[in-house]
Each structure stands twice: as C-alpha cells, then as structure tokens.
Amino acid sequence: MADQIYLSNAGTCTEHDSANTSRELAAGAQPADLQEKQVPGWAAVTLATCNALHAIPQSYLGRVAGLEDWKVAASSRSQDNFSRYNLPLVVLAAACTGTCQAATLTRKAVAFTNVAATRERLPQRARAMAVLTAGLPLSPENPKQISQKAGQLPAESRRSAAIMALSASQAVPGAPSQRAQNGPDPASIPQVDIPHASDCWFKMKITTASLLALALPGLAAAGDGGGGGGGGGGGGASWHSHKKYVSSEKLQSLIRTKDLVAGAQKLQNIANASGGNRAFGSKGHNRTVDYLYKTLTNLHYYTVTKQPFTEIYSDGTAILTIDGAPIVAGIMTYTPGGEAAGPLVSVANVGCDAADYPASIKGSIALIARGTCPFSQKSLNAKAAGATAAVIYNNVPGELSGTLGAPFLDYAPVVGISQEDSVAILAKLTAGTAVEANLKLDATVEERVSFNVIAETKGGDHDNVLIVGGHSDSVAAGPGINDDGSGTIGILNVAKALAKFKVKNAVRFAFWSAEEFGLLGSYFYMNSLNSSQTEVNKIRAYLNFDMIASPNYVYAIYDGDGSAFNLTGPAGSDVIERDFEDFFKKKGVPSIPTEFSGRSDYAAFIENGIPSGGLFTGAEVPKTEHEAKLFGGQAGVALDINYHKKGDTVDNLALDAFLLDTKSIADSVAKYALSFAGLPPVSAHARRWDADRAQTLKRSGGIHGHAGHSHSGPCGGGASI
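Here full-length UniProt numbering is used: position 104 in the sequence shown is 104, and no number is missing along the way.
Here it is as structure tokens:
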C-alpha cells in the first residue's frame, strides 16, 4: 500500500509535512486521498518524524508494551487489537526513547492492518504518548531512565507539550513558545490512562493532534537515524552515535551466569526436540543456526549473514557378534550400511591385493589385518571378491575406527575391531574351527547443506577486524552443550553486550558449522576469502572458544609463543596469549598453556598467518595431580567425562568456569575493539612465512597431533590406514 511505499522511502521529517498532513486530516481527507499524494495518512501523524525506531530492538518494544511478541497483535485483523496494542506500542517506544525515529516499525504494523478501518480508533489509544515526548529533550540515556523522568514531569510541562502539539497541527507561525501562547486553554484538555505501559506508567493530558509533537523542530533535528554505519569507525552521525566506547569493565559487567545458563538451555531444548543432537545439516543444527541468526539480527547492531556450504555427512552405528558374543565395532567414515551374517573368513597377508582373497570369501564376511594399504582399498577388494562385509582388526593394542577417505565408492560395509578381540578369533580360525559373524551396520552417507553464521559490527574500522569464533554444531552422539554450546553461548552473550557500545575496530562474530566433521565451516570460510588476500589481511586477530565449561575444568590458554610445547602460532599469537594470562592474573586465578596444534577452528587462521589464540577447559584427557592442585576437581578423571557423549548436557556444565571464561572473552573483545596495539602490523611477507610454516608442520604431523580436543569419530578424518 502507499503508506508502506512512502514510509520505506521516508527521509528526514519536517514540521511542514506534519502540519500539512494534519490540516488535510482535519478537513476530512480520507486515507486513500493521502495515499495518492504519498502522504502517510495517520501513520505520519502517529510517527511524523519518519525514520523511527529502526535502532530499537523489537524485543525491547514488546517488553515495554507488556507483549511477549508484538507481531502477534500486529498480525491480527481486529481493529481493537490493532488500536489497543500496536499504536500505543509504537508511540510508547518513541516516548520512552526520546527519539524521533519510528517509521520502520510503523510500516510493519501498517502492513498488517486496514488503515481506513482503524483511523477513527487512533485518538483515545495512542496520541497521548507523543505529548510527553514533546516535553522531553533528546537524550542519549537509556529508555528506562527516560521513562522514569517522564513520570516525574509536572502537569504544566505536559500541558505545554499538548499546546505545542496542537499549535503545530494548526501550522501557527513562529517559535514553539509563540505557538503555545496561541494554543487552547490547558484546562480543556482531557486526561487519559495509557494502557499496557509497564515502563512508561503515567497519566497525561492529550489533545486532538498531540501526536504531531513528534515533529517539533527540537525532535525532528535528530534526522535520519536509519541504517548503516558506525559507532566509531565511519563518518557522519549514526543511530548509536550517542553510545560510549566499549570498556572491558563495563562489558564484563553485562555477562551474567543466568544468561549463559538460559542460552545453554535453549540449545539443550533444540537438541531435545531434534533427535538429541545438533549435528551439522540436521534439524537440530538448522534450528541452532536460525536461533543465532534471529538473535543477532534483532540487535540491529550487526550485519548478519548465513554462509551456506555443502559437505558430506557420514555417521553410523554397528552391532557385531562373533559366535553370539557381542564385540565392540568401530565405524569407518563413509562406509555403506547393511546387514551380513555368515562364516568369518581370514584374508591372507593384509588384504591389499586381489590375490589375498580366497574363493571361499564369496558370500562370507572377510577378516582383514590392518596395515600397508588404506582401509578403503581393503573394503573395495573385499566387495570385488564377493564378501558381504569386512571386519578389519587392529595391529596394535586398542579399538579401531577410521575413514575410507572418500564417499560413494563400491565399498563392502566395513567396521574395525581391537587387536585384543582378534586374538581369540584368529586362534579358532587357525585351528580350523568355524567362526560365525553377524553384523548390523546402520550408516548414513549424504550431502548436507549447512551454514556458518557471521555477524559483523556495523560500526568500527572494517579494514581492521577482530574475528571471534566457535562452532555451533555437535556430534551425532549428543547435544554438545559444552562442546561447543558453551563457546557458542559465551560468544553470543558477549555479542549481545557489545551492542550497547561503540567500537573503533570492527568485530566479526563467527559461528562455524561442521567443526565436528573436520573443521569444515571455518576452512570453507577462509577458502572463500583466499581469492582476495586484501580481505585476509584485514583480519588482525582470531580468537577461538571451543569448550569453556568442562565439568572437571582447567583454565587453559593456547600456547601462542610456543614456550610450553615448542609450537608457536603466527606472529602476534604470543601477544594474545599474554593478554589472556594477564586477565586471569588480575582475577587471581591460575592458568596453564594448552598446545596450539590446530585441533579446532583456529587451524584455518593459523594456516593463513593470522595471529590467533583462545581458551579451552578440557576434553577427554584426564586431569593431572598438578592441575587438581591448581584448579580443584578430580585428578585421574577426564576434564570432560561427557565429551562427545549423550551426557554433554546443560546439567553437566561448570558454571564458574563458564562465567569466568566468558568474562575473559569480553575482556579481549573490548581490548581489541578499541586497539590492536601490541599486535604486529599486517605484513604480507610475514604472514606468508607463517602460513607456509604452518602448512609444513601440518604435513609433518606437528599440527593435529595432540589429544586436547581431538576429533576421533565422525569427523570426516581419522586414520585411513
């Protein structure tokens, strides 16, 4: 409709526009007439300052209006619902914020409602709020403080506002004070209660055209507050130019345990409603992505994008019995599923050649030793020889799982078993005793589309960017509330808190997908930037937070300077490590280094020479006696006994670690959002050297060699031979 078109293109409002609209309405103009003239009808009267509450989150407006979701009321075709809830809501928000920026929200309300049917219901419901607004100066204070001041205004101030509004509607020439002198007797103005105004509770005097107070010069001077730019990085005024620059102390003060728990519970609820997990490309992960995207978008502080990519998902479960006794069977990534039952036939040598498979293998299950050639070659050979399935036994102590390396080839269903379990089986076969096997392998191998969620501050220097990341997916075995729901929610809470401040450097929050399948989302992201080294060079630092609430936790900082593990990060990583160490020292809390080996999403950044760092509270590795003395907890017990398991739930988070690590995230974000002092300037040569060194270490096994946060299991990786 015309109202929508007009409002969506509205610029700075003027008193003249409002006065003309008022006169036309007073003369009996109908909405259709106003639409033809591209005048927004009563919508302009309601919010005559045009570019309105663009900066105010709709969730806040819903709260101050006493509505859980204002859109529910807006979508109603009921005239009473619209006039009772939405019009007061819009004007209430204008009054509570002391701004003259409301057309965006009004446009959304108008889109759901018949303007002509509700025009006559406007007066008793919405007008009075603007009267109060006219009596308030523009202020950078928060809405609640302004609303409290509103309730303290003397009656005469409210009457003056009403007089000024009426004078404006009559287009009386002269300054506001002169208009007031020509206004009506204040005693003739009736009193009205404003419904559903939990924060702006008060009674006030109203006048027929009091909504036009929003267009008074003192308020209209706020101009166009819509869109773009920045709190500190760009030129010109912006909608959050009144905000103060972020500080560590203030940002930390906004991090609260109850908010972290609420966020973790949200992820738990998503998993519970989605088959118990949030694995990439699943319903649970897609819901996680939607939750992150909506939460960040509603802040109106970030440019938020979903970055799609397609990867192969592989997962499965296996039940194997040998002569009726259950045997632990490890899944091979990319194996097809299937059921097989029959004699177990030993393959000669290690099954790397077709000649190793006897004729008796046809219709049987092949038993193959590990070694020499890839698991994939053994599986392909077994299938070609007619085997219904293959069982590969380990050549060293321990259970066996791994990967076939590539999907969708003509494999036999294949699992791995331990060396210990193979001993008795081989003894029977060597003695000529028949061994019966039964395998039920439920496997999924499919392409899945998934999404990274990227949110970058609209303000700040976009040529100097801090990226803060963690992964949003879980393994298929459980909900992943510590791994990495804790990092996800910690980062999200810092992002929400940061929206209250200005920044000098742009901050980009990244929620990576498919980390549990081989760091796929973060690698995809960096590969998408690699065509432009200029974009890569804009990234001044990367901070990673993967598992920050482990139940038997340590406070571990990635060893950027290599002093503990002789594996240094790119230049500047030592500075990041030291900054984290300083935070914990100031809190009087010990910290320890953890190997900076690339086992989480920082790997893609290290390999591009970007200074990196982060925090980690531990996975499946047992806590040492020394660590127990430093941090408490139980020595000899895994730092997270629920790692990659069904028990990784909100009930098993260490809330003290969760809170302190999130405050540390806030400290680092505040620091680098203001300055990258101490970090080396971007040098293409130095970064290339760091990147080449990282790639060399990766090829030699120096990277991805530790078990601090390993990804054995369904990661698209693992042993292939």
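Ideal placement from N, C-alpha and C gives every residue a C-beta, glycine not left out.
Small disclaimer: the values here were computed from a predicted structure and weren't measured.
Inter-residue spacing [alpha-carbon to alpha-carbon] between residue i and residue j
i	j	result
I319	D442	9 Å
I721	K645	26 Å
residue 762	A355	Given a span of 1 to 721 for the chain in the structure shown, any question on residue 762 remains unanswerable.
F501	T297	16 Å
G398	A549	29 Å
A412	A366	10 Å
residue 724	G518	In the structure as shown, the chain starts at 1 and stops at 721, and residue 724 therefore has no counterpart that could be examined.
A455	Q634	39 Å
P681	G569	16 Å
D483	Y643	7 Å
F280	S474	7 Å
F583	G560	16 Å
V415	I491	38 Å
F631	A564	19 Å
A499	S612	24 Å
S248	A666	7 Å
V192	A497	Since pLDDT at V192 reaches only 31, below the 50 mark, its modelled position is unreliable, and the value read off the structure follows with that caveat. Roughly 37 Å separates the two Cα atoms.
D323	A434	9 Å
K378	I417	15 Å
G276	A476	8 Å
Where residue i sits in the DSSP three-state scheme
i	result
residue 731	Past the boundaries of the shown model lies residue 731; the chain is included only from 1 to 721, so the question cannot be answered.
E399	coil
R287	helix
S720	coil
G316	strand
A576	Position check: residue 576 holds Ile in this sequence, whereas Ala was assumed. It is helical.
V261	helix
F408	coil
G485	helix
T321	strand
T430	helix
E436	strand
A635	coil
Y602	coil
Y672	helix
Environment of residue i [buried if 16+ CB atoms lie within 10 Å]
i	result
H300	buried
H285	buried
S700	In this predicted model, S700 has a pLDDT of only 47, less than 50, meaning its place in the structure is not dependable; the value taken from the coordinates is given anyway. Flag for S700 reads exposed.
P590	exposed
P551	buried
L653	buried
G363	exposed
R599	buried
A237	For A237, the predicted structure reports a pLDDT of 39, less than 50, and the residue's modelled location is therefore unreliable. The matter cannot be settled from this model.
T388	buried
E595	buried
G316	buried
T617	buried
G459	buried
N530	exposed
K629	exposed
N464	buried
6 Å CB neighbourhood of residue i in its chain, flanking five on each side removed
i	result
A719	G402
F580	I557
T257	L655, L659
E339	K440
R370	I392, N394, N395
Residue i - partner residues in DSSP beta bridges
i	result
R448	E311
residue 784	Residue coverage of the chain in this structure runs from 1 to 721, which leaves residue 784 outside it and unanswerable.
F511	V453, G470
L529	L529 pairs with nothing; no bridge assigned.
residue 724	Outside the displayed span of the chain (1 to 721) sits residue 724, for which this structure offers no information.
S346	L367
F545	L615
I393	It is Tyr, not Ile, that sits at residue 393 in the sequence shown. Partner(s): A369, I417.
P336	Partner(s): none; P336 has no beta bridge.
P593	I557
P326	T321
Y643	DSSP, once it has assigned bridges, lists no residue as partnering Y643.
A499	Its beta-bridge partners do not exist; DSSP assigns none.
I539	V465
Close-in-space but distant-in-sequence residues of the same chain around residue i (CB under 8 Å, 5 per side omitted)
i	result
D294	The question names Asp, yet the displayed sequence has Lys at residue 294. For K294, where only same-chain residues beyond five positions count, there are no Cβ hits under 8 Å.
Cβ shell of residue i (< 7 Å), same chain only, five flanking positions each side left out
i	result
G386	I361, K362, G363
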